[in-house]
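Take the sequence shown: its letters are residues 185 to 480, numbered as in my numbering. Just so it is clear, CB atoms sit at the ideal spot from N, CA and C, and this is done for glycine as well. What you are looking at is a predicted structure, and each value in this text was computed from that prediction instead of being measured.
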Amino acid sequence: MSEKNIGKRSGFVTLIGRTNAGKSSLLNFLLGEKISIVSHKVNATRRKINGIVMNGSDQIIFVDTPGLHESGKLFNKLMVDVALKSIGDADLILFLASVHDDIKNYQNFLKLNPKIGHILVLTKIDEASQEKLAKKITEYSKFHDKFLALVPTSIKKNICKKPLLDEISKNLPEHEYFYNPELISTTNVRDIYRDFILEAIFDSVSSEVPYSTDVLIDKIVEKEELVSIYAKIITDTNSHKGILIGKNGDAIKRIGIKAKKLISEFEDSKIFLKLEISIKKNWKSDKNIIKKSFVY
Ligand SMILES: Nc1nc2c(ncn2[C@@H]2O[C@H](COP(=O)(O)OP(=O)(O)OP(=O)(O)O)[C@@H](O)[C@H]2O)c(=O)[nH]1
Ligand SMILES: [Mg+2]
Numbered sequence: 185m186s187e188k189n190i191g192k193r194s195g196f197v198t199l200i201g202r203t204n205a206g207k208s209s210l211l212n213f214l215l216g217e218k219i220s221i222v223s224h225k226v227n228a229t230r231r232k233i234n235g236i237v238m239n240g241s242d243q244i245i246f247v248d249t250p251g252l253h254e255s256g257k258l259f260n261k262l263m264v265d266v267a268l269k270s271i272g273d274a275d276l277i278l279f280l281a282s283v284h285d286d287i288k289n290y291q292n293f294l295k296l297n298p299k300i301g302h303i304l305v306l307t308k309i310d311e312a313s314q315e316k317l318a319k320k321i322t323e324y325s326k327f328h329d330k331f332l333a334l335v336p337t338s339i340k341k342n343i344c345k346k347p348l349l350d351e352i353s354k355n356l357p358e359h360e361y362f363y364n365p366e367l368i369s370t371t372n373v374r375d376i377y378r379d380f381i382l383e384a385i386f387d388s389v390s391s392e393v394p395y396s397t398d399v400l401i402d403k404i405v406e407k408e409e410l411v412s413i414y415a416k417i418i419t420d421t422n423s424h425k426g427i428l429i430g431k432n433g434d435a436i437k438r439i440g441i442k443a444k445k446l447i448s449e450f451e452d453s454k455i456f457l458k459l460e461i462s463i464k465k466n467w468k469s470d471k472n473i474i475k476k477s478f479v480y
């Protein structure tokens, strides 16, 4: 082994788990940067996104995936496919379960018979009493021969960030860096922007509308201190378009302000954002559109 390899570990770590377990939040937390879409509503993440964390001399490439769930709908099945496929490409899996989740989700994951090792991450422990947490840990400990480690975490209380990173590093192969250590992600900025706009939609309008909606980035123009983004929000019906616009245009204004804030914090730059809403009936069944929705 060459000298530059010594002591250096580097590899891909897929975040897997039920929808709402806190995968995207954990990625942002470990990265120390908001990059991935987070919502209290289920099925927020639709596309794969990565974040690169340097832990001492080790490089960890986290891959955030859509939440595992059951659904007969094509769009949802494709989301789960994205997640399952990422298992195959990884060196290590982080399986996330929140303190509220039933252990059955973990048992279902074990049934997939993953060929690579996994760390079990128990999330949202700030929301559980000591008793509940102890009970959960005892439940999961029955499977101690299946996981490499069990790490309880909370992003709200900043619990176990460094121990988790060290546990991950320990389980990665010795390998040269895959990417320049200065990089925080190799995900296309278009996909990051569209998810920020989608997060603003999740945040701003009532429950079912975000699921009938997606975002396409038409154009990005970077000039000196200003990044101009032209995006299209597609939705399926006139009534959903009406909700996205809102009374006196209030909703679309809110969406624009939130999305601009997320993008400008990420870019550390001034942002001009032009949003246009377009109706595409049954877009979730339109192969040309959903092809653009999934990043494998
Ligand atoms: N109290 C508490 N809430 C958390 C914690 N981590 C995540 N959350 C919340 O849990 C919700 C879901 O978080 P996400 O990160 O979007 O979950 P996800 O697993 O990526 O969900 P999908 O993308 O739908 O699969 C959000 O409202 C987060 O703020 C935590 O440590 N403590
Ligand atoms: Mg997510």
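With a cut-off of 6 Å, the C-beta of alanine 228 is classified as near ligand 2, since at least one heavy atom of the ligand falls inside that distance.
In the structure shown, lysine 326 falls within a coil segment according to DSSP collapsed to helix, strand and coil. In the DSSP assignment, valine 399 falls within the unbroken beta strand (DSSP E) covering 397-407. Note that the C-beta distance between isoleucine 447 and tyrosine 377 is below 7 Å. CA-CA distance, lysine 269 to phenylalanine 293, rounds to 13 Å. A distance below 7 Å separates the beta carbons of leucine 278 and valine 197. Aspartate 420 has its alpha-carbon roughly 40 Å from the corresponding atom of isoleucine 300. In the DSSP assignment, histidine 424 falls within the unbroken alpha helix (DSSP H) covering 422-429. The C-beta of histidine 424 has 16 or more other C-beta atoms within 10 Å across all chains shown, which makes the residue buried. Looking at the DSSP output, phenylalanine 196 bridges to Ile245. Close CB contacts of lysine 320 within its chain, under the 6 Å cut and outside five residues either way in sequence, are with Val283 (chain order). Per DSSP, reduced to three states, the secondary structure at glutamate 383 is helical. With a cutoff of 6 Å, lysine 207 counts as near ligand 2, since its C-beta is closer than that to a heavy atom of the ligand. Counting only residues of its own chain and dropping the five nearest sequence neighbours on each side, histidine 359 has a CB closer than 8 Å to the CB of Asn189, Lys192, Arg193, Ser194, Gly195. Under the DSSP assignment, valine 264 falls outside any beta strand (DSSP E), being part of the alpha helix (DSSP H) whose first and last residues are 258-272. Lysine 257 has its alpha-carbon roughly 10 Å from the corresponding atom of serine 469. In this structure, serine 388 sits away from alanine 318, with a CB-CB distance that is not shorter than 7 Å. Phenylalanine 279 carries a strand assignment under DSSP once its states are collapsed to helix, strand and coil.
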